[in-house]
Amino acid sequence: MGPGGRTKNRGMAIFPQTSAPLSAPGTAPLPPPDDARPESPLPKSPLPKRPRPSGPIPGGPIPGGPIPGGPIPDRPGPDGSPPDGPQPRLPALRHIGPNWYASVMGTAIVAAAGAALPVDVPGLRTACTVVWALSALLLAAVLAARAGHWLHHRDQARTHLLDPAVAPFYGCLSMALLAVGGATLTVGADVIGARAALAVDVVLFVAGTAIGLGAAVVVPYLMVVRHRPAPGTASPVWLLPLVAPMVSATQGALLVAHVPEGQGREALLLACYAMFGLSLLATLVVLPLVFARLVHHGPLPLALTPTLFLVLGPLGQSTTAVNQLADAAPGAVASPYASAFGAFAVLYGVPVMGFAVLWLALAGAMVIRAARDGMGFAMTWWAFTFPVGTCVTGAAGLARHTGLEALTWLAVALYVFLVVAWAVAGVWTVRGVVSGALTAAPARPAPATARTR
25 MGPGGRTKNR GMAIFPQTSA PLSAPGTAPL PPPDDARPES PLPKSPLPKR PRPSGPIPGG
85 PIPGGPIPGG PIPDRPGPDG SPPDGPQPRL PALRHIGPNW YASVMGTAIV AAAGAALPVD
145 VPGLRTACTV VWALSALLLA AVLAARAGHW LHHRDQARTH LLDPAVAPFY GCLSMALLAV
205 GGATLTVGAD VIGARAALAV DVVLFVAGTA IGLGAAVVVP YLMVVRHRPA PGTASPVWLL
265 PLVAPMVSAT QGALLVAHVP EGQGREALLL ACYAMFGLSL LATLVVLPLV FARLVHHGPL
325 PLALTPTLFL VLGPLGQSTT AVNQLADAAP GAVASPYASA FGAFAVLYGV PVMGFAVLWL
385 ALAGAMVIRA ARDGMGFAMT WWAFTFPVGT CVTGAAGLAR HTGLEALTWL AVALYVFLVV
445 AWAVAGVWTV RGVVSGALTA APARPAPATA RTR
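In terms of our numbering, the sequence shown opens at residue 25 and continues consecutively.
Take a look at the structure:
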């Protein structure tokens, strides 16, 4: 047994029943025939068979790796063809996982956060409109790619769903729909008109909320009954399906004013507060596990270090939600409650934003450390976009309710960081798609560096 209870012979544990050596075809020497082998002077005795391990692999499967009890990973035959038959259609879509929706989320939040800034910057509204149009095109492209993935590579899609490192990204589908819908209502209305923008937002809100609530239940259920992650393997990625209802609460607040007065408007407002509560409490359950993993087991692998920024998502999104709901409350509930919701937005938002700044500093220090140790680009870099964008909208909402200029400048500074991170992640993603590096089979993540450094 190695440190942390992991077996040293991980290759045998992860890739069971290997029928050939892991060397290139034709490079291994051929064994001599039976009649040419020298007779051994030792008596022959059958070796006892090693029992096949039952239960989960210690430490859990690697991201994109094989799942215990699931399909055996792809192994090309001698001629390079897939082991189960001919080459499937559209092979470039085989490894397009649900994490690709993060690029849609990161693009849409640039437009929405820019429109929410409490400052007037010449040309910003036009730039946000262009970015919104790009996010809508990205959403259509990723939806089409994911549909092709499920149509032509169902085995890999099921493997993703059973992989504890990939399954949480199914929450990104919900947030991508909601983010583009909200940006359509706030920015896209300048192009397609208010009525069309409202119709698009309603459709995307309903679909995104249904998917998000489903993911918030299904993914934790799979973690309990199928994934069985080992102790000390908690990841910020676990927060993704839990944040989706918080995004619904934020975007639902924009629709409250469009519902006729009465029970319907009040029901939507309180339903948004309910989604805010379920997401917040679920986050409070998972976040201590993530921090305990860092303290007791050291830094994350280099490629996964950017996911530390995902913790900013529930912090900034919840602050945005309470401020948006406070704006919608006066026309939906009686005055005592509306005033209370306005006070709650500030009383809740300011402390949470303070913790968000603290975590931003901690995560930034960890990312700088990982970059010095050789962290390269991966799709996890999109974690620098949407979570930071939620902090922009949260700080902007607090500035709007308090009138404090410091919060305004905090929102502006975070937005500058957001735009730079979005541009860098976008350029590297385009390069990876053109070169084929991002659509190839995922490699094992580089291990974390030593804690003593």
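The C-beta atom is built at its ideal place from N, Cα and C for all residues, glycine as well.
For residue j and residue i, the rounded distance between their alpha carbons
i      : j      : result
Ala447 : Ala358 : 45 Å
Arg76  : Pro192 : Its pLDDT being 41, under 50, Arg76 is placed unreliably by the model, and the measurement read from it follows with that caveat. If you take the alpha carbons of Arg76 and Pro192, they lie about 29 Å apart.
Gly15  : Leu304 : What is shown of the chain runs 25 to 477, which leaves residue 15 out entirely.
Gly441 : Val412 : The identity of residue 441 in the sequence shown is Phe, whereas the question assumes Gly. Cα-Cα distance, rounded: 8 Å.
Gln348 : Thr274 : 6 Å
Ala461 : Val190 : 18 Å
Pro49  : His173 : A caution first: Pro49 carries a pLDDT of 34, below 50, which makes its placement in the model unreliable, though a value can still be read off. Roughly 30 Å separates the two Cα atoms.
Thr331 : Gly206 : 24 Å
Val280 : Pro360 : 18 Å
His320 : Pro255 : 11 Å
Leu324 : Val310 : 16 Å
Leu339 : Val444 : 21 Å
Gly121 : Gly322 : 27 Å
Leu302 : Gly195 : 15 Å
Met399 : Leu328 : 9 Å
Ala420 : Tyr439 : 10 Å
Thr409 : Ile133 : 8 Å
Phe401 : Leu163 : 22 Å
Ala298 : Val261 : 23 Å
Leu148 : Ala140 : 11 Å
Asp179 : Gly232 : 25 Å
Asn123 : Ala234 : 19 Å
Leu382 : Gly286 : 41 Å
Ala181 : Pro115 : 13 Å
Trp406 : Ala291 : 35 Å
Val241 : Arg250 : 14 Å
Val215 : Pro375 : 38 Å
Leu161 : Thr404 : 21 Å
Residue i vs residue j beta-carbon contact at 8 Å
i      : j      : result
Leu293 : Ala350 : no
Leu246 : His177 : no
Val267 : Gly337 : yes
Ala136 : Ala203 : yes
Ala353 : Gly366 : yes
Asp397 : Leu326 : yes
Ala437 : Leu431 : no
Ser127 : Thr463 : no
Ser198 : Ala151 : no
Val346 : Ala364 : no
Ala465 : His119 : yes
Thr307 : Leu371 : no
Thr414 : Gln341 : yes
Neighbour flag for residue i against chain D, beta carbons, 8 Å
i      : result
Thr343 : Absent here is chain D; the protein component of the structure consists of one chain.
Residue environment, residue i, which counts as buried when at least 16 other CB atoms sit within 10 Å
i      : result
Ser259 : buried
Ser78  : Any reading at Ser78 must be qualified, since the residue scores a pLDDT of 40, below 50, and its modelled position is unreliable; the value itself is stated next. Its Cβ having fewer than 16 others within 10 Å, Ser78 is exposed.
Leu186 : buried
Ile392 : exposed
Thr131 : buried
Leu384 : buried
Gly101 : In this prediction, Gly101 has a pLDDT of 43, which is less than 50 and means its spatial position is unreliable; what the coordinates show is noted afterwards. Counting Cβ neighbours within 10 Å, Gly101 comes out exposed, since fewer than 16 surround it.
Lys32  : Legend: pLDDT at Lys32 = 39, less than 50; position of this residue unreliable, no value from coordinates given.
Asp225 : buried
Arg219 : exposed
Phe379 : exposed
Ser459 : exposed
Arg113 : exposed
Pro45  : For Pro45, the predicted model reports a pLDDT of 34, less than 50, meaning its position is unreliable and no value from the coordinates is stated.
Arg455 : exposed
Pro312 : exposed
Ala449 : buried
Span of the alpha helix (DSSP H), counted from its first residue to its last, around residue i
i      : result
Glu290 : 287-321
Arg113 : First-last for Arg113: undefined, no H or E at that position.
His425 : 410-426
Pro338 : 336-352
Ser127 : 125-140
Pro244 : 218-246
Val211 : Here Val211 belongs to no alpha helix (DSSP H), and DSSP marks it neither H nor E.
Ser176 : A quick correction: the sequence has His, not Ser, at residue 176. Taken as a continuous stretch (DSSP letters only), the alpha helix (DSSP H) holding His176 covers 148-176.
Pro265 : 264-280
Val451 : 429-459
Assumed close pair residue i, residue j - CB separation to whole angstroms, cut-off 8 Å
i      : j      : result
Thr343 : Gly373 : 4 Å
Gly236 : Val271 : 7 Å
Trp478 : Val211 : Because the chain in this structure spans residues 25 to 477, residue 478 falls outside the shown range and cannot be described.
Ala435 : Pro146 : Not confirmed; about 18 Å, so no contact.
Val335 : Ala387 : 7 Å
Leu209 : Leu222 : 6 Å
Pro253 : Pro188 : 5 Å
Tyr125 : Val166 : 6 Å
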